[in-house]
Structure formats: structure tokens, C-alpha cells
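Participant: Below you'll find the structure I mean.
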Amino acid sequence: MDKMVVLAGPSCVGKGPLFTALRRFYPELASRLRQLVLFNDRAPRPGEEEGIHYFFRPRGAIEALRDKEGYVVADVLGDLQALEVAQIERIIASGRIPFFEGSPFVPGKLREVGLFDRFPTLSIFLSPLSREEILYLKDPDRAVDLNRFITDVQRHKLLHRTQRQKGSLSLKDLENIEKRSNNALLEMRAACHFDHVIPLHDGEGHENWDAFYYPIGSARKALLAFVALLQGQATADVEYWGEDVLL
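Residue numbers (my numbering): 263 to 509.
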């Protein structure tokens with residue numbers, strides 16, 4: 263594994279617990295990765311730390327980076343995020359592998375400005391539904407509104423995560439959940455631009471990640487698929503999506 267690693271997917275799909283499980287059960291593999299820390303204009307969530315998860319800055323400060331050479335700025339569902347390109351170079355120079363974990367809108371912007379051509383990349387998308395499930399739901403005989411279905415799935419996960427983090431939810435919390443769940447299909451449409459897609463039903467906060475110490479169910483399958491890809495091995499638990507999957 264000598265490529266920059268990009269792990270993306272819709273909000274609450276399970277990116278965080280997947281990487282946490284990698285650190286717990288495959289520490290040597292995880293130690294080779296160095297997470298990219300982006301600038302972000304939103305407030306920290308419970309447990310997030312400055313300089314570890316993000317550099318939290320006012321929106322105006324991040325807007326100013328648009329005109330500064332060496333920075334890539336992306337809009338992520340209303341949040342403004344920015345990456346210092348030199349951070350990638352510093353990580354590579356240190357002998358470690360740059361690792362991005364977050365929204366697919368950021369890799370989309372990095373691809374647009376040519377960073378994936380400059381830095382060889384292994385891109386992995388986590389999807390809350392498998393390709394087979396999507397095609398099943400798209401069958402005209404079932405008359406399923408796929409956008410509404412995906413929104414409902416992600417709303418349920420986001421509500422569960424936010425309630426675990428905060429207990430009672432404010433109106434602002436509920437509005438944020440609606441915004442993120444309503445954009446899940448748009449985020450999933452980016453999956454066709456990734457090298458691999460890993461279906462993952464057990465989102466953030468699901469007990470299958472850590473209630474029994476060892477991951478079970480979809481969480482375990484996703485972890486094993488992620489590890490196989492990082493090790494350059496073939497695995498039957500990854501998918502490859504064309505643009506037609508979510509047309």
C-alpha cells in the first residue's frame with residue numbers, strides 16, 4: 263500500500279467506526295496511515311478535538327483560502343472545508359500514507375483540481391445500500407421512491423447518532439439531520455467515481471461495531487473488506503458501480 267487512501271460516504275454511514283475498528287484490530291496497518299486534518303467552519307461535535315479531527319475556523323477565514331495558493335476549498339452540505347495540499351506532501355515525506363475520511367464532496371473537489379493525478383490514490387466509498395439492493399428497489403413493479411427510501415434510512419441513523427451524542431435534540435439538530443439525510447442520494451451518486459464500493463448497513467452508533475468487542479454483521483464484513491483493499495488483496499465484498507446504478 264503506497265497510495266493516498268480516500269474513504270468517503272454519506273453522513274453517518276460508518277466511516278468513523280470503521281477506522282476506529284481498524285486501529286483496534288489492525289494497529290500496525292492503521293499506524294501506516296496519517297489522517298489529513300481539514301479546516302472546517304462548523305462547530306465541533308462531542309468528542310471532536312482541534313487539530314485532531316479538524317482545524318475549526320470562522321467561515322470567513324476559510325473563504326479567504328480560496329484565493330491562497332496551495333489550498334483546496336469545498337462546500338460540504340453548507341459547511342465549508344479546506345485542505346492544505348502541502349499536508350499531503352509532508353505526510354508522504356515522513357514515510358506514512360495520507361488518509362482522508364469524510365464527505366465525498368471533498369474528494370470530488372480534489373479530483374477536479376487534479377490532485378488524484380498528482381498523488382496516486384486508492385479511493386473507497388461506503389454505501390448504506392448494496393448495488394443489488396438499489397437495483398431491487400429501482401424495479402418499477404415496486405414503485406419505490408428511491409430518494410425518499412435512502413433519506414429515511416439515513417435519517418434513522420443520524421437521529422440515533424445525534425441522540426447518543428447529545429440526548430435531547432434541538433430544532434437546529436433536527437434541521438441538520440434533515441439536511442444531511444436529504445442529501446444522501448446526491449452523495450451516493452459520487453460512488454461511481456471511486457475505485458471500490460463497500461456496502462455497510464451498520465452505521466455510526468450501531469451496536470455491531472463494539473457492543474460485543476468484536477465487530478459482527480455488516481460491520482465485520484466492511485472491516486475485512488477495507489483491510490483487504492489496504493493490503494492490496496482481492497475480496498468478494500466490494501463492488502464497482504457505474505453511473506447507471508443511481509440514475
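Beta carbons are placed, not taken as given, at the ideal position from N, Cα and C, and that holds for glycine. None of the values given here were measured: they were computed from a predicted structure.
Can you name, in chain order, every residue of its own chain whose Cβ lies under 8 Å from the Cβ of A348, other than the five neighbours on each side?
Facilitator: Around A348: G332.
Participant: Measure from the alpha carbon of D264 to the alpha carbon of each residue in I354, S273 and L399, then state which is nearest.
Facilitator: The option with the nearest alpha carbon to D264 is I354.
Participant: Spell out the partners DSSP gives Q343 in its beta bridges.
Facilitator: The partner list for Q343 (beta bridge, DSSP) reads N302 and A336.
Participant: Pair every Cβ in the segment 278-293 with every Cβ in the segment 395-407, then say whether three or more of these pairs are closer than 8 Å.
Facilitator: Short answer: they don't touch.
Participant: Only counting the same chain, and skipping five residues up and downstream in sequence, which positions put a Cβ closer than 8 Å to that of A452?
Facilitator: Within the same chain, A452 has close Cβ partners A270, P366, F367, P369, G370 and F387.
Participant: Contact check, S392 vs E501 under 8 Å by CB: the rounded distance?
Facilitator: Indeed, because the Cβ distance is near 7 Å, the residues count as touching under 8 Å.
Participant: Spatial neighbours of P382 within its chain, please: CB distance less than 6 Å, with the 5 preceding and 5 following residues excluded, ordered by chain position.
Facilitator: Excluding positions up to five away in sequence, the list reads K265.
Participant: From the DSSP output, in three-state form, read off L420 for me.
Facilitator: L420: helix per DSSP, three-state reduction.
Participant: Exposed or buried, Q416, counting other C-beta atoms within 10 Å across all chains shown (16 or more means buried)?
Facilitator: Burial call: buried.
Participant: Since F488 is in the alpha helix (DSSP H), which residue starts that stretch and which ends it?
Facilitator: Residues G479 to L492.
Participant: Does the segment 472-482 come close enough to the segment 433-452 that 3 or more CB-CB pairs lie under 8 Å?
Facilitator: The answer is no - the segment 472-482 does not touch the segment 433-452, with fewer than three Cβ pairs under 8 Å.
Participant: Over what stretch of residues does the beta strand (DSSP E) that includes F361 continue unbroken?
Facilitator: Element bounds for F361: I359 to G364.
Participant: From the DSSP output, in three-state form, read off F381 for me.
Facilitator: Coil.
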